[in-house]
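Engineer: Please read through the structure below; I'll follow up with questions.
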Amino acid sequence: MALSSPESPVPPRRVVINRTENPSEEHEELNKMAHGVVAESRSEDVFSSYACNSLNHKGIKHHPGNIVEAGCLAAQQLPRAKYQLFKSLPQDLVETGKLSDLQLEGVLYACQRHQMVLANGQRAGFFIGDGPGVGKGRQIAGIVLDNFARGRSRHIWFSISADLRLDAQRDLHDIGCFVKVIDGCQQLDKETRVFGLPADFKEGVVFSTYATLVSSVQKGANRQSRLQQLIDWCGGEQFNGCLIFDECHKAKHFVPVSDLQ
191 MALSSPESPV PPRRVVINRT ENPSEEHEEL NKMAHGVVAE SRSEDVFSSY
241 ACNSLNHKGI KHHPGNIVEA GCLAAQQLPR AKYQLFKSLP QDLVETGKLS
291 DLQLEGVLYA CQRHQMVLAN GQRAGFFIGD GPGVGKGRQI AGIVLDNFAR
341 GRSRHIWFSI SADLRLDAQR DLHDIGCFVK VIDGCQQLDK ETRVFGLPAD
391 FKEGVVFSTY ATLVSSVQKG ANRQSRLQQL IDWCGGEQFN GCLIFDECHK
441 AKHFVPVSDL Q
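All residue numbers for the sequence shown refer to my numbering, where the first residue is 191 and numbers rise by one.
Below is the structure:
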């Protein structure tokens, strides 16, 4: 219910905060500066400049770019770095900055995580969620290099497109990891002889796509899945290398045709 007063209405008071009724150019500039400081302080609360506090090794180079991370992440303390990464990596790789402190930190914690065996008997994985341009390919190459140095010589690198194989090979070569990068199951088919694969194709990095992973090929009277072919190349249950899922967020719609029918 609305009530009216017989008295004449009182005009509302106009409250002006941090402004003038007739602002001059000088006042307008001061207002912009004040609001800019507020916006900048809010941005500092949301994001913080990245700083590597987990590695203490001689000769490590800072990352060349200006990297920020969410303030809530920056406030969290990382687990203690216990993995002896620098026993497997050449010192010149560190001193020349081919892997920066940010990238070395990612490699170390990935390798450290891989040492953990879960309750179901499977080895723990590691997710690298850095943004574009940070150097995730270099970090993956560093993980592969560490594993090769420790005697684990078979790895599979999955990605969304076969064209990215050259990028993977470049990242490996850039840090001095000159391992064979096999162009998917198709090259394995091409190189297979009567007595199997040549020695130089029994080790290295198989670069495969997610589409290939869910496909199959005719072998004589039967069809063999590409997945089984890769499992056989790895050595089955004896496999101890890396399974790398690059651009994994784009693999969610890849399912075998038989599962759809």
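We treat Cβ as the ideally placed atom computed from N, Cα and C, and that holds for glycine.
#1: Mind checking which residues open and close the beta strand (DSSP E) that includes Val-407?
#2: Would Val-505 and Ile-434 be called neighbours here (beta carbons separated by less than 9 Å)?
#3: Hey, Tyr-240 and Leu-268: beta-carbon distance below 9 Å or not?
#4: Considering only C-alpha positions, which residue in the set Trp-347, Arg-313, Gly-261, Glu-259 is nearest to Ile-420?
#5: Roughly how many angstroms lie between the CA atoms of Phe-152 and Cys-262, to the nearest whole one?
#6: Quick one: grab the DSSP three-state call for Ala-260.
#7: Got a sec? Which residues, its chain only, sit under 6 Å from Asp-361 by beta carbon, not counting five neighbours each side?
#8: Would you report the Cα separation of Gly-255 and Asn-412, rounded to the nearest angstrom?
#9: Can you find at least 3 beta carbon pairs, one from the region 308-319 and one from the region 280-287, that sit closer than 8 Å?
#10: Measuring CA to CA, which of Gly-366, Arg-416, Gly-341 is closest to Lys-378?
#11: Entirely within the region 281-339 and at least 4 residues each: give me those alpha helix (DSSP H) ranges in chain order.
#12: By DSSP, does Val-228 sit in helix, in strand, or in coil?
#13: Would you mind working out which of Ala-309, Ile-318, Phe-397 sits nearest Gln-293, comparing C-alpha positions?
#14: For His-345, which option in Gln-428, Gly-296, Val-445, Gln-266 has the closest C-alpha, if you only look at C-alpha atoms?
#15: Ile-372 and Val-396: beta carbons closer than 9 Å?
#16: In its own chain, which residues sit with a C-beta less than 7 Å from the C-beta of Asp-390, not counting the 5 before and 5 after it?
#17: Let's see if you can read the secondary structure: which residues bound the alpha helix (DSSP H) around Gly-374?
#18: Look at the alpha carbon of Phe-444 and the alpha carbon of Ser-343, and state the distance between them as a whole number of angstroms.
#19: Who are the Cβ neighbours of Asp-291 in its own chain at under 7 Å, not counting the five residues just before and after it?
#20: Going by C-alpha distance, which of His-247, Leu-354, Phe-385, Val-384 is nearest Gly-374?
#21: If you drop the 5 nearest sequence neighbours on each side, which residues of the same chain put their C-beta closer than 7 Å to that of Val-228?
#22: Which runs of the alpha helix (DSSP H), 4 residues or longer, sit entirely within the region 396-441?
#23: Expressed to the nearest angstrom, what Euclidean distance is found between the alpha-carbon atoms of Leu-403 and Gly-431?
Structural biologist: This is what the structure holds:
#1: As a first step, residue 407 is located in the sequence shown; it is residue number 217 there, counting from the start. Counting along the chain, the beta strand (DSSP E) containing Val-407 begins and ends at 406-409.
#2: The chain is shown from 191 up to 451; residue 505 falls before or after that span and cannot be answered.
#3: Taking the sequence shown and counting its residues from 1, the one referred to as residue 240 is at position 50. Taking the sequence shown and counting its residues from 1, the one referred to as residue 268 is at position 78. Leu-268 sits away from Tyr-240, with the two beta carbons spaced by 9 Å or more.
#4: As a working note, residue 420 is residue 230 in the sequence shown. Note on identity: in this sequence residue 420 is Leu, with Ile being the wrong assignment. Of the listed residues, the one whose Cα sits closest to Leu-420 is Trp-347.
#5: The requested residue 152 does not occur in the structure, where the chain is confined to residues 191 to 451.
#6: Walking along the sequence shown from the start, residue 260 turns up at place 70. In this structure, Ala-260 counts as strand in the three-state DSSP scheme.
#7: The residue given as residue 361 occupies position 171 in the sequence shown. So the list reads Gly-327, Arg-328, Ala-331, once near-sequence residues are dropped.
#8: The residue given as residue 255 occupies position 65 in the sequence shown. The residue given as residue 412 occupies position 222 in the sequence shown. Their Cα atoms are separated by approximately 53 Å.
#9: no
#10: Residue mapping note: residue 378 aligns to position 188 of the sequence shown, counting from 1. The amino acid occupying residue 378 in the given sequence is Leu; Lys does not appear at that position. For Leu-378, the nearest C-alpha among the options comes from Arg-416.
#11: Whole alpha helix (DSSP H) segments, 4+ residues: 281-285, 291-304, 326-339.
#12: Here residue 228 refers to the residue found at position 38 when the sequence shown is read from its first residue. Its pLDDT being 48, under 50, Val-228 is placed unreliably by the model, and the measurement read from it follows with that caveat. Three-state DSSP puts Val-228 in a helix.
#13: The count along the sequence shown starts at 1 and reaches residue 293 at position 103. Gln-293 has its Cα closest to that of Ile-318, out of Ala-309, Ile-318, Phe-397.
#14: On the sequence shown, residue 345 is found 155 positions in, with the first residue counted as 1. When only C-alpha atoms are compared, the closest one is Gln-428.
#15: Position 182 of the sequence shown holds residue 372. Position 206 of the sequence shown holds residue 396. Contact: yes.
#16: Against the sequence shown, residue 390 aligns to sequence position 200. Excluding positions up to five away in sequence, the list reads Lys-370.
#17: Within the sequence shown, numbered from 1, the residue matching residue 374 stands at position 184. Gly-374 -> alpha helix (DSSP H) spans 374-381.
#18: As a working mapping, residue 444 is identified with position 254 in the sequence shown. As a working mapping, residue 343 is identified with position 153 in the sequence shown. If you take the alpha carbons of Phe-444 and Ser-343, they lie about 28 Å apart.
#19: In the sequence shown, counting from the first residue as 1, residue 291 sits at position 101. Closer than 7 Å at the Cβ level, and outside the excluded window around Asp-291, lie Cys-242, Leu-245, Ile-250, Lys-251, His-252, His-253.
#20: Indexing the sequence shown from 1 puts residue 374 at position 184. Of the listed residues, the one whose Cα sits closest to Gly-374 is Leu-354.
#21: Counting from 1 along the sequence shown, the entry for residue 228 is found at position 38. For Val-228, the predicted model reports a pLDDT of 48, less than 50, meaning its position is unreliable and no value from the coordinates is stated.
#22: 400-403, 416-424
#23: Along the sequence shown, one-based indexing puts residue 403 at 213. Along the sequence shown, one-based indexing puts residue 431 at 241. Straight-line Cα distance between these residues: approximately 18 Å.
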